[in-house]
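Reading through the structure tokens given below for one structure.
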Ligand code: ZN
Ligand code: ZN
């Protein structure tokens, strides 16, 4: 491939068409459509934005059920940066980093506070697996790679340990300076006890889950612990996953103005191939159907996660910087969408990931 390529006739979200000229991976020019010179990739009809970021995936391939290949859930989804959500703990975070270095997708990670990570699905049920010193050591060794600490606070994960793992996670967060991502699901522990322990910049993932013990009461109104948490600066992440996204809850949340910070898939092999996640584009289509604007939806996978990560450059499109962009289309095409409860909605528009330019390379989705 030539060193100099032109993404011809791409559209900004405003609808304005332009040519992107990229030379040896660097965005060198943004010019009028048709004016760019180099090897042309015709992008007519495609939108361009900074590379999508998925804040919650499972990228350690050998783990079952929560594992997948990095590039399958990354660049092939139109996602140039993924954040592994605690697939590994201190025991194997080095292996996750090593495999990430082989991939075309940029990878960051939450460290599971359990040193065994998702080698078992009840990783917080035995206090011996929560090794505080191992967490501190891992964070200091892999400070650039680890963006936060992960604790899965549901009955099947914590067993008889109750709130204890979250209390330890809170202390470790203070010690290491890394925020928490907390998974919520079926209790105990009770959601009313979990949420008050979260602080500014901590992330609640699966905030639209339709299980009992979720963030909304029987009348589908947001719990006061949720409203208080949002006022403190706690962040909301989608984390769709196999079992954690309900259209009914999402509709109630929107009605009450409870908006996502980040739209993430919680993707792994099973829910990618067999649904109900399928793809990042399918998830973004769900949010369009809920009534959010295209700009709000795209912000949920670009500027919002970049800001939370403290890496605003991931959402830059600037001449002179490495090109990190996603190309996607929005078609007037009906598609039936399915949530984790088996509920369906029909969308009149479909988002499709078309390609990415990342790490010096154009990759078609
Ligand atoms: Zn989870
Ligand atoms: Zn997950």
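Numbering (my numbering), first residue to last: 198 to 562.
Virtual Cβ for every residue (Gly too), placed ideally from N, Cα, C.
Own chain residues within Cβ distance below 6 Å of residue 407, not counting five before or after: Here residue 407 refers to the residue found at position 210 of the chain shown. Counting only Cβ-Cβ distances below 6 Å, and skipping sequence neighbours, we find 443, 446 and 538.
Whole-angstrom C-beta distance between residue 249 and residue 207, which should lie under 8 Å: The count along the chain shown starts at 1 and reaches residue 207 at position 10. The count along the chain shown starts at 1 and reaches residue 249 at position 52. In this structure, residue 207 and residue 249 do not form a Cβ contact; the two beta carbons are roughly 15 Å apart against a cut-off of 8 Å.
Euclidean distance between Cα positions of residue 472 and residue 495: By 1-based counting over the chain shown, the position of residue 472 is 275. By 1-based counting over the chain shown, the position of residue 495 is 298. Their Cα atoms are separated by approximately 22 Å.
Residue 528 - partner residues in DSSP beta bridges: Position 331 of the chain shown, counted from the first residue, corresponds to residue 528. Residue pairing for residue 528: DSSP places it in a beta bridge opposite 547.
Residue 427 versus residue 433: straight-line alpha-carbon distance, rounded: The residue given as residue 427 occupies position 230 in the chain shown. The residue given as residue 433 occupies position 236 in the chain shown. So the alpha carbons of these two residues sit roughly 8 Å apart.
At least three beta-carbon pairs within less than 8 Å, the stretch 270–287 to the stretch 309–321: Segments in contact, yes.
Option in 294, 353, 314 and 370 with minimal Cα separation from residue 339: Position 142 of the chain shown holds residue 339. Of the candidates 294, 353, 314 and 370, the one whose C-alpha sits nearest the C-alpha of residue 339 is 294.
C-beta atoms of residue 379 and residue 363 nearer than 8 Å: Reading the chain shown from its first residue, position 182 is the one you call residue 379. Reading the chain shown from its first residue, position 166 is the one you call residue 363. Yes, these two residues count as a Cβ contact at 8 Å.
Residue 298 CB to nearest heavy atom of ligand 1 below 7 Å: Here the question's residue 298 lines up with position 101 in the chain shown. No, the beta carbon of residue 298 sits no closer than 7 Å to any heavy atom of ligand 1.
Which listed residue (226, 220, 264 and 232) has its alpha carbon closest to that of residue 463: For the purposes of this step, residue 463 is taken as the residue at position 266 of the chain shown. Comparing alpha carbon positions, the residue from 226, 220, 264 and 232 closest to residue 463 is 264.
Straight-line Cα distance separating residue 435 from residue 512: As a working note, residue 512 is residue 315 in the chain shown. As a working note, residue 435 is residue 238 in the chain shown. When rounded, the distance between both Cα atoms is 19 Å.
Outcome for residue 299 when other beta-carbon atoms lying within 10 angstroms are tallied against a minimum of 16: Taking the chain shown and counting its residues from 1, the one referred to as residue 299 is at position 102. Exposed: under 16 other Cβ atoms inside 10 Å.
Touching by the beta-carbon criterion (3+ pairs, under 8 Å), the stretch 542–551 and the stretch 206–222: These segments do not touch.
Any non-hydrogen atom of ligand 1 closer than 7 Å to residue 436 Cβ: Here residue 436 refers to the residue found at position 239 when the chain shown is read from its first residue. Judged by the Cβ position, residue 436 qualifies as a neighbour of ligand 1 at the 7 Å threshold, a heavy atom of the ligand being closer than this.
Buried/exposed call for residue 486, threshold 16 Cβ in 10 Å: For the purposes of this step, residue 486 is taken as the residue at position 289 of the chain shown. Buried, since its Cβ has 16 or more Cβ neighbours within 10 Å.
Beta-carbon spacing of residue 558, residue 301 below 8 Å: Counting from 1 along the chain shown, the entry for residue 558 is found at position 361. Counting from 1 along the chain shown, the entry for residue 301 is found at position 104. Cβ atoms of residue 558 and residue 301: closer than 8 Å.
Range covered by the beta strand (DSSP E) that runs through residue 279: Within the chain shown, the letter at position 82 stands for residue 279. Run containing residue 279: 276–282, per the beta strand (DSSP E) assignment.
Stretch pair the stretch 491–505 + the stretch 236–243: three plus CB contacts closer than 8 Å: As far as the Cβ criterion goes, the stretch 491–505 does not touch the stretch 236–243, which means the pair count is below three.
According to DSSP, residues forming a beta bridge with residue 516: As a position in the chain shown, residue 516 is number 319, starting the count at 1. Under DSSP, residue 516 shares a beta bridge with no residue.
Nearest candidate by alpha-carbon position, reference residue 506, set 448, 424, 478 and 458: Against the chain shown, residue 506 aligns to sequence position 309. Looking at 448, 424, 478 and 458, the one whose alpha-carbon comes closest to that of residue 506 is 458.
Pair within 8 Å by beta-carbon distance, residue 422 and residue 482: Within the chain shown, numbered from 1, the residue matching residue 422 stands at position 225. Within the chain shown, numbered from 1, the residue matching residue 482 stands at position 285. Here residue 422 is not near residue 482, since their CB atoms are 8 Å or more apart.
C-alpha gap between residue 475 and residue 315, whole angstroms: Locating residue 475 in the chain shown gives position 278, counting from the first residue. Locating residue 315 in the chain shown gives position 118, counting from the first residue. Taking the CA atoms as reference points, residue 475 sits about 21 Å from residue 315.
Closer than 7 Å: residue 463 CB and nearest ligand 1 heavy atom: Translated into positions along the chain shown, residue 463 becomes position 266. Within the chosen limit of 7 Å, ligand 1 reaches the beta carbon of residue 463 through at least one heavy atom.
Check: residue 366 C-beta below 7 Å from any heavy atom of ligand 2: One-based indexing of the chain shown puts residue 366 at position 169. At a threshold of 7 Å, residue 366 does not count as near ligand 2, since its beta carbon sits no closer than that to any of the ligand's heavy atoms.
CA nearest to the CA of residue 323, picked from 438, 341 and 352: Along the chain shown, read from residue 1 onward, the residue named residue 323 stands at position 126. Minimum Cα distance to residue 323 is reached at 352.
Neighbourhood of residue 385 by C-beta distance below 7 Å, restricted to the same chain and skipping five residues each side: The count along the chain shown starts at 1 and reaches residue 385 at position 188. So the qualifying residues of the chain are 352 and 359.
Option nearest residue 297 by Cα separation, candidates 438, 266 and 535: Walking along the chain shown from the start, residue 297 turns up at place 100. Residue 297 has its Cα closest to that of 266, out of 438, 266 and 535.
For residue 402, the residue or residues it bridges with in DSSP: Taking the chain shown and counting its residues from 1, the one referred to as residue 402 is at position 205. Paired residues: 380 and 434.
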